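Engineer: Sharing a structure, written as structure tokens. Questions coming.
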Amino acid sequence: MSHLLARQKSTTSLRRKRSDSDSGAPSSTTPSDQKAREEKSSPYNDARYEALLAAKGIFMDVSDLGVDDKSKTLIRELLEKAQPVPKDSLFREDLFNSTFRKIRNRNKTRVIRDISQLIVPSAEIFATYGAAALDCLIESTNEGWNNSIPVTKTRPQPDYAVGFRREAFTEAQLQKLQPFVGDLNDNSFFMGTWYMYFPFFSSEVKCGAAALDVADRQNAHSMTLAVRGVVELFRLVKREKELHREILAFSISHDHRSVRIYGHYPVIEGKKTTFYRHPIHEFSLTALDGKEKWTAYKFTRSVYDTWMPTHFKRLCSAIDAIPPDIHFEVSEESVLRYPSLSGLSQGLESHHFSDSGATGDDELRLLDPQEVTAETSVTQTLELAAFKKPKTR
Numbered sequence: 002m003s004h005l006l007a008r009q010k011s012t013t014s015l016r017r018k019r020s021d022s023d024s025g026a027p028s029s030t031t032p033s034d035q036k037a038r039e040e041k042s043s044p045y046n047d048a049r050y051e052a053l054l055a056a057k058g059i060f061m062d063v064s065d066l067g068v069d070d071k072s073k074t075l076i077r078e079l080l081e082k083a084q085p086v087p088k089d090s091l092f093r094e095d096l097f098n099s100t101f102r103k104i105r106n107r108n109k110t111r112v113i114r115d116i117s118q119l120i121v122p123s124a125e126i127f128a129t130y131g132a133a134a135l136d137c138l139i140e141s142t143n144e145g146w147n148n149s150i151p152v153t154k155t156r157p158q159p160d161y162a163v164g165f166r167r168e169a170f171t172e173a174q175l176q177k178l179q180p181f182v183g184d185l186n187d188n189s190f191f192m193g194t195w196y197m198y199f200p201f202f203s204s205e206v207k208c209g210a211a212a213l214d215v216a217d218r219q220n221a222h223s224m225t226l227a228v229r230g231v232v233e234l235f236r237l238v239k240r241e242k243e244l245h246r247e248i249l250a251f252s253i254s255h256d257h258r259s260v261r262i263y264g265h266y267p268v269i270e271g272k273k274t275t276f277y278r279h280p281i282h283e284f285s286l287t288a289l290d291g292k293e294k295w296t297a298y299k300f301t302r303s304v305y306d307t308w309m310p311t312h313f314k315r316l317c318s319a320i321d322a323i324p325p326d327i328h329f330e331v332s333e334e335s336v337l338r339y340p341s342l343s344g345l346s347q348g349l350e351s352h353h354f355s356d357s358g359a360t361g362d363d364e365l366r367l368l369d370p371q372e373v374t375a376e377t378s379v380t381q382t383l384e385l386a387a388f389k390k391p392k393t394r
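Our numbering puts the sequence shown at residues 2 to 394.
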């Protein structure tokens, strides 16, 4: 249980942050936030990244038994639910072909500008236009999840992500979360950015051949962190069995032609948790005269309107169940380690991951058969991570 406590960032990260501050950069800006979209996806470009994820118990595939019946029913409801669509947009019948002709062979920024919000609509914009039930949501756009605890050296930086804002929770709930969330500069299993609690949706946009596979890897990493946070919360109150094989997060990968929609879920076997991805739908935006052009838009809106409120209530019920006098016997300093590649069956059982001096490329190099033999240990000792103790009551 002690591994859930908020963690202070490594001294290296803090030094970088102070350096940015001294150079005049805003204090809220982090090194990851400044990465160009192309740079942030560099480690994900390597197909071996999927093997790296698998070594940590994250599989970009379905599990043997797949998702539970409840999730199968949910998927059908989300895909079939009627939703209003914009009447005047670049997807309008008389503009549709021209729109896609103009963004063909253009860069990612152009695709995002012209069509992304017609595929993945903004939760906050819906709230601005009067969807009061969505006021509890907050989104990030190309911002590093610097308050998360990643499972690889590369921190997630989704093109678009949605989670819950701090104001969505009561003061009593925030007090119960405090030992696990820490301060604005701490890392937590329950945070994405410093202002986003329990993220549950991410979207990545790409251009070019095979680029959607890269987007899929990025989404798999981001949404594994999202699912892991929920599992850890429910494990804390001994309710983790409720989540077995249930979809707890969603992602969408798209370019100027195609869309892929996924659900992300855990398989929980005792203390061991592994993470999987369920393919919900894949389609062409332009095939059959754009027959499915609004499919992703309607699906995303249904996630916000139908699935999110129930998910939020469950989160709140678990938070409310955290004992008020919870106490930990935790050493001030603990050594965290990445699991070795020989321990694939352990997956993310311990969930003890933190920053290391290795880069994403260094991690991928560990998977190179020329450098890794059966006798080679790839366990890396990480920097000492100081845990913050909750105040005794």
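Every residue gets a Cβ at the ideal spot worked out from N, C-alpha and C, and that includes glycine.
Values in this document were obtained by computation on a predicted structure and should not be read as measured data.
For a test of the three-state rule: what should DSSP assign to residue 26, helix, strand or coil?
Structural biologist: Here residue 26 is taken as the residue at index 25 of the sequence shown, counted from 1. Bear in mind that the predicted position of residue 26 carries a pLDDT of just 41, short of 50, making it unreliable; the figure below should be weighed with that in mind. Coil at residue 26, not helix or strand.
Engineer: Helix, strand or coil for residue 222 per DSSP?
Structural biologist: If you number the sequence shown from 1, residue 222 lands on position 221. Reduced to three states, the DSSP call for residue 222 is helix.
Engineer: Mapping DSSP to helix, strand and coil, what is residue 131?
Structural biologist: For the purposes of this step, residue 131 is identified with residue 130 of the sequence shown, where counting begins at 1. In the structure shown, residue 131 sits in coil (DSSP, three-state: anything other than H, G, I, E or B).
Engineer: Candidates 202, 211, 147, 218: which alpha carbon is nearest residue 184's?
Structural biologist: On the sequence shown, residue 184 is found 183 positions in, with the first residue counted as 1. Residue 147 is the option with its Cα nearest to residue 184.
Engineer: Can you look up residue 321 in the DSSP assignment and give me helix, strand or coil?
Structural biologist: Taking the first residue of the sequence shown as position 1, residue 321 is located at position 320. Helix.
Engineer: Taking the C-alpha atoms as reference points, what is the distance between residue 249 and residue 181?
Structural biologist: For this step, residue 249 is matched to residue 248 along the sequence shown. For this step, residue 181 is matched to residue 180 along the sequence shown. Roughly 20 Å between the two C-alpha positions.
Engineer: Taking the DSSP output, what are the residues bridged to residue 261?
Structural biologist: By one-based count along the sequence shown, residue 261 stands at place 260. Bridge partners of residue 261: 254, 283.
Engineer: At a cut of 8 Å, does the stretch 168 to 181 reach the stretch 256 to 268 through at least three beta carbon pairs?
Structural biologist: Short answer: they don't touch.
Engineer: Would you list the residues sitting across from residue 164 in a DSSP beta bridge?
Structural biologist: Counting from 1 along the sequence shown, the entry for residue 164 is found at position 163. Bridge partners of residue 164: 139.
Engineer: Look at residue 410 and residue 228 and say whether their C-beta atoms are less than 9 Å apart.
Structural biologist: Nothing about residue 410 can be read from this structure; the chain reaches only from 2 to 394.
Engineer: Around the Cβ of residue 113, are there at least 16 other Cβ atoms within 10 angstroms (buried) or fewer (exposed)?
Structural biologist: As a first step, residue 113 is located in the sequence shown; it is residue number 112 there, counting from the start. With 16 or more Cβ atoms within 10 Å of its Cβ, residue 113 is classed as buried.
Engineer: Closer than 8 Å is the cut-off here; do at least three beta carbon pairs connect the stretch 187 to 199 with the stretch 76 to 85?
Structural biologist: Short answer: they don't touch.
Engineer: In the DSSP assignment, find the alpha helix (DSSP H) that holds residue 243 and state where it starts and stops.
Structural biologist: Within the sequence shown, residue 243 is the residue found at index 242, counting from 1. That residue, residue 243, is in no alpha helix (DSSP H); it is neither H nor E in DSSP.
Engineer: For residue 56, does the count of other Cβ atoms within 10 angstroms reach 16, so buried, or fall short, so exposed?
Structural biologist: Stepping through the sequence shown from its first residue, residue 56 is reached at position 55. Buried, because 16 or more other Cβ atoms sit within 10 Å of the Cβ of residue 56.
Engineer: I'd like to check one pair, residue 261 with residue 216: are the Cβ atoms closer than 9 Å?
Structural biologist: Walking along the sequence shown from the start, residue 216 turns up at place 215. Walking along the sequence shown from the start, residue 261 turns up at place 260. Going by C-beta atoms, residue 216 is nearer than 9 Å to residue 261.
Engineer: Using the C-alpha atoms, what's the distance from residue 139 back to residue 70?
Structural biologist: For the purposes of this step, residue 70 is identified with residue 69 of the sequence shown, where counting begins at 1. For the purposes of this step, residue 139 is identified with residue 138 of the sequence shown, where counting begins at 1. Cα-Cα distance, rounded: 30 Å.
Engineer: Give the DSSP bridge partners of residue 267, in chain order.
Structural biologist: Within the sequence shown, numbered from 1, the residue matching residue 267 stands at position 266. DSSP lists 276 as partners of residue 267.
Engineer: Please classify residue 79 as buried or exposed, where buried requires at least 16 other C-beta atoms within 10 Å of its C-beta.
Structural biologist: In the sequence shown, counting from the first residue as 1, residue 79 sits at position 78. By the 10 Å Cβ count, residue 79 comes out buried.
Engineer: Below 8 Å, how does it come out for the stretch 303 to 316 and the stretch 99 to 115: are there three or more Cβ pairs, yes or no?
Structural biologist: The answer is no - the stretch 99 to 115 does not touch the stretch 303 to 316, with fewer than three Cβ pairs under 8 Å.
Engineer: Residue 224: which of 161, 286, 238, 129 sits nearest, CA to CA?
Structural biologist: Translated into the one-based positions of the sequence shown, residue 224 becomes position 223. Ranking 161, 286, 238, 129 by Cα distance to residue 224 puts 161 first.
Engineer: Name the DSSP bridge partner or partners of residue 59?
Structural biologist: Locating residue 59 in the sequence shown gives position 58, counting from the first residue. According to DSSP, which records beta bridges pairwise, residue 59 is partnered with 276.
Engineer: Determine the direct distance from the alpha carbon of residue 174 to that of residue 326, and round the result to whole angstroms.
Structural biologist: Along the sequence shown, read from residue 1 onward, the residue named residue 326 stands at position 325. Along the sequence shown, read from residue 1 onward, the residue named residue 174 stands at position 173. Roughly 14 Å separates the two Cα atoms.
Engineer: For residue 196, name the three-state secondary structure that DSSP assigns.
Structural biologist: Here residue 196 refers to the residue found at position 195 when the sequence shown is read from its first residue. Correct three-state label for residue 196: coil.
Engineer: Going by DSSP, which residues form a beta bridge with residue 202?
Structural biologist: As a first step, residue 202 must be located in the sequence shown, where it is residue number 201. Beta-bridge pairing links residue 202 to 163, 251.
Engineer: State buried or exposed for residue 288, treating a residue as buried only when at least 16 other CB atoms are found within 10 Å of its CB.
Structural biologist: As a position in the sequence shown, residue 288 is number 287, starting the count at 1. Classification of residue 288: exposed, given that the 10 Å Cβ count is below 16.
Engineer: Taking C-beta to C-beta, are residue 240 and residue 128 nearer than 9 Å?
Structural biologist: Here residue 240 is taken as the residue at index 239 of the sequence shown, counted from 1. Here residue 128 is taken as the residue at index 127 of the sequence shown, counted from 1. Going by C-beta atoms, residue 240 is not nearer than 9 Å to residue 128.
Engineer: Please determine, among 97, 214, 165, the residue with the shortest C-alpha to C-alpha distance to residue 49.
Structural biologist: For this step, residue 49 is matched to residue 48 along the sequence shown. Minimum Cα distance to residue 49 is reached at 214.
Engineer: Anyone know if the C-beta pair for residue 209 and residue 200 falls short of 9 Å?
Structural biologist: Against the sequence shown, residue 209 aligns to sequence position 208. Against the sequence shown, residue 200 aligns to sequence position 199. Cβ distance not < 9 Å, so residue 209 and residue 200 don't count as in contact.
Engineer: Please report the distance separating the alpha-carbon of residue 302 from that of residue 233.
Structural biologist: Looking up residue 302 in the sequence shown gives position 301. Looking up residue 233 in the sequence shown gives position 232. Computed Cα separation, rounded: 27 Å.
Engineer: Please classify residue 153 as buried or exposed, where buried requires at least 16 neighbouring CB atoms within 10 angstroms.
Structural biologist: Here the question's residue 153 lines up with position 152 in the sequence shown. Classification for residue 153: buried.
Engineer: Taking the alpha carbon of residue 120 as the point to measure from, which residue in 103, 283, 47, 272 has its own alpha carbon closest?
Structural biologist: Counting from 1 along the sequence shown, the entry for residue 120 is found at position 119. Taking only the C-alpha atoms, the option nearest residue 120 is 283.
Engineer: Could you tell me which of 58, 68, 203 sits nearest to residue 273, measuring between CA atoms?
Structural biologist: Walking along the sequence shown from the start, residue 273 turns up at place 272. With distances taken between Cα atoms, residue 273 lies closest to 58.
Engineer: With a 10 Å radius around its C-beta and 16 neighbouring C-beta atoms as the bar for buried, classify residue 88 as buried or exposed.
Structural biologist: Translated into positions along the sequence shown, residue 88 becomes position 87. Classification of residue 88: exposed, given that the 10 Å Cβ count is below 16.
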